[in-house]
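Chains as they are written, first to last, in the working numbering: chain A, 101 to 319; chain B, 101 to 319.
Protein chains: 2
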Amino acid sequence: MASQTEENYLKSLFNMANEAGEVNISELAQQMQVSMPTVNSMVKTLQKNGWLIYEKYKPVILTSEGKKEAALVIRKHRLTEMFLVNKMGFGWEEVHEIAEQIEHIHAPKFFERMDEMMGHPTVDPHGSPIPDKLGRIQEVNYSTLSQCKTGQLVVLAALTNSSTEFLEFLNSRELNLGKELKILSKESYDQSMVVSFKDHASETLSEKVCDRLLVRVVG
Amino acid sequence: MASQTEENYLKSLFNMANEAGEVNISELAQQMQVSMPTVNSMVKTLQKNGWLIYEKYKPVILTSEGKKEAALVIRKHRLTEMFLVNKMGFGWEEVHEIAEQIEHIHAPKFFERMDEMMGHPTVDPHGSPIPDKLGRIQEVNYSTLSQCKTGQLVVLAALTNSSTEFLEFLNSRELNLGKELKILSKESYDQSMVVSFKDHASETLSEKVCDRLLVRVVG
DNA sequence: CAATTTTGTTAGATAGTTCTAACTTTTTAC
DNA sequence: GTAAAAAGTTAGAACTATCTAACAAAATTG
Ligand SMILES: [Mn+2]
Ligand SMILES: [Mn+2]
Ligand SMILES: [Mn+2]
Ligand SMILES: [Mn+2]
């Protein structure tokens, strides 16, 4: 059984993998906030457990068992976040830190019960998909708001970044998932966009913000 | 901040302390399911943290800081058990193992929210008192059913033992907290008691069972 | 009270997760 | 295509939580 530390590495590996499924040691070290030698010894351990492929001086690659292990931890994380928001009244900006701890609880029934109580949600409070019990993750591809054209009508569906600061910024503009936005104009100098919400005056959103908003085009 | 291991030791120390507040190393080793040298080194660590008083060859004694630390972990444990039963539909026999893990989560708001959602409960699903936010524990003294006399009317209020097996035994007899029992007779040979429940035929309860049932005498 | 048993301590080891310092290999830049 | 920079590895150490073996102190018992 994976330790808490191992579970955190697996999660990062899963999220960081490129198209080829590769992750560099230095990037992983930065992500995990530990030194490269620490990562070096941990990847050897993860390899011994059959969760990744490691060859000296090469980027590491999760095995399918590693991916499944990671996805099941991510499932617990996202179910927890959704439970905290939907059943316990937390804001979407408060739940990540708590879920970071609860994801390591070994109690299948506890997460089963959360899942049931919420009617088997498919996404977490930030729009990220919740893997199923077998660790399968449903891929959805939204566009970023930046990629959209003037005149389009879009619905905010997910985020590419869920830092507390960004979530608090979105709260301050009442930008929550499901919100309909109409793209009024795009400034070619700095890529900022002017959008209007239903029942709300128009807003200017910087390129940085537009890059972090994932939307479904509805018109 | 106490590690998970330290928190588990503190909890055991708190629960095992005799009238003088003393706990023997050998008893603690047995309780924690570790060797005596392991306990020996841990009590030195706990002493360094100011949570207990240790002198060679003497039983250890929690300091008031140690007692508070312990009580706050017990608070998290019991709030969790109550939440699992009242808000998530678990049986009282299923919650201890889960709470044993969740009690180590560092997220004051999470437990605050549980407490609020339940309207600040004062006891856990097994009738044990929930310490307050300052680690103060309200002492209640019930009698065991064994101590009661024939003819008395009592209400089941708590348990001296909450093992899964005992809880399952109580489930099988529909003996839950709040149940009114009338003591019909007591067998002097083996101390077994015959009791009748409201809306139920009479039952014989062994001495072992009667010792584990804490009751409030109501008539 | 002396012998035995029980309780507690020390020493030394292991496993997990982390570090820094020193070194090597690979990649990038001129 | 060499030199410098970046990435990765090894060695050696620390800290936590645990163990067993050996020893010492305290408690019990005849
Ligand atoms: Mn999260
Ligand atoms: Mn985590
Ligand atoms: Mn419990
Ligand atoms: Mn515990």
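Beta carbons are placed, not taken as given, at the ideal position from N, Cα and C, and that holds for glycine.
- In the three-state reduction of the DSSP assignment, A:Pro229 falls in the strand class, which pools E and B.
- In terms of side-chain proximity, the C-beta atom of B:Ser262 is found nearer than 7 Å to a non-hydrogen atom of ligand 3.
- Setting aside the 5 residues that flank it on each side, B:Val173 is surrounded in the same chain by Glu107, Leu110, Lys111 and Glu203, each with a C-beta closer than 7 Å to its C-beta; the list follows chain order.
- For A:Ile205, the chain B residues whose C-beta falls within less than 9 Å of its own C-beta are Ile198, Gln201, Ile202 and Ile205, listed in chain order.
- At a cut-off of 8 Å between C-beta atoms, A:Gly219 does not count as an interface residue with respect to chain B.
- Nearest CB-CB separation between A:Gly191 and chain B: not below the 8 Å threshold.
- Burial state of A:Val143 is buried, judged by a 10 Å Cβ sphere holding 16 or more other Cβ atoms.
- A:Glu239 sits in coil when the DSSP states are folded into three classes, being neither helix nor strand.
- With a threshold of 8 Å between beta carbons, B:Phe210 makes contact with chain A.
- In the structure shown, the three-state DSSP call for A:Lys286 is strand.
- In the displayed model, B:Thr138 falls within a helix according to three-state DSSP.
- When the Cα atoms are used, B:Ser302 and B:Gly191 turn out to be separated by approximately 25 Å.
- In this structure, the alpha-carbon of B:Lys279 lies about 17 Å from that of B:Ser262.
- For B:Ala170, the three-state secondary structure derived from DSSP is helix.
- Checking the 7 Å criterion, the Cβ of B:Gln201 is within range of a heavy atom belonging to ligand 4.
- Between ligand 4 and B:Asn108, a heavy atom-to-CB distance of less than 7 Å is present.
- Within chain B, not a single residue places a beta-carbon under 8 Å from that of A:Met182; the smallest gap is close to 14 Å.
- Across the structure, B:Lys209 and A:His226 are spaced so that their CA atoms are roughly 20 Å apart.
- Look at A:Ile161 here: in three-state DSSP terms it is strand.
- With contacts defined as CB atoms closer than 8 Å, B:Val317 and B:Ser243 qualify as a contacting pair.
- One finds nothing in chain A with a Cβ atom closer than 8 Å to the Cβ of B:Arg175; even the nearest lies about 17 Å away.
- 8 Å or more divides the Cβ of B:Leu179 from the Cβ of B:Leu245.
- Judged by their CB atoms, A:Asn186 and A:Met218 are nearer to each other than the 8 Å cut-off.
- Residue environment analysis places A:Ala120 among the exposed positions, since fewer than 16 neighbouring C-beta atoms fall within 10 angstroms of its C-beta.
- Neighbours of A:Arg213 in chain B, taken as residues at a C-beta separation under 8 Å, are given in chain order as Met188, Gly189 and Phe190.
- The residues Leu110, Leu162, Thr163, Glu165, Gly166 and Glu169, in chain order, have a CB closer than 7 Å to that of A:Trp151 in the same chain once the five nearest residues on each side in sequence are set aside.
- For B:Leu305, DSSP records a beta bridge to B:Met293.
- Nearest in C-alpha terms to A:Asn276, of all of A:Gln133, A:Asp224, A:Ala129 and A:Glu155, is A:Asp224.
- B:Met214 and B:Phe183 have their C-alpha atoms spaced approximately 6 Å apart.
- Taken from the Cβ of A:His204, at least one heavy atom of ligand 2 lies inside 7 Å.
- Annotation for A:Arg316: the continuous beta strand (DSSP E) segment containing it runs Leu313 to Val317.
- Closest option to B:Gln131, judged by alpha-carbon separation, among B:Leu234, B:Ala207 and B:Leu113: B:Leu113.
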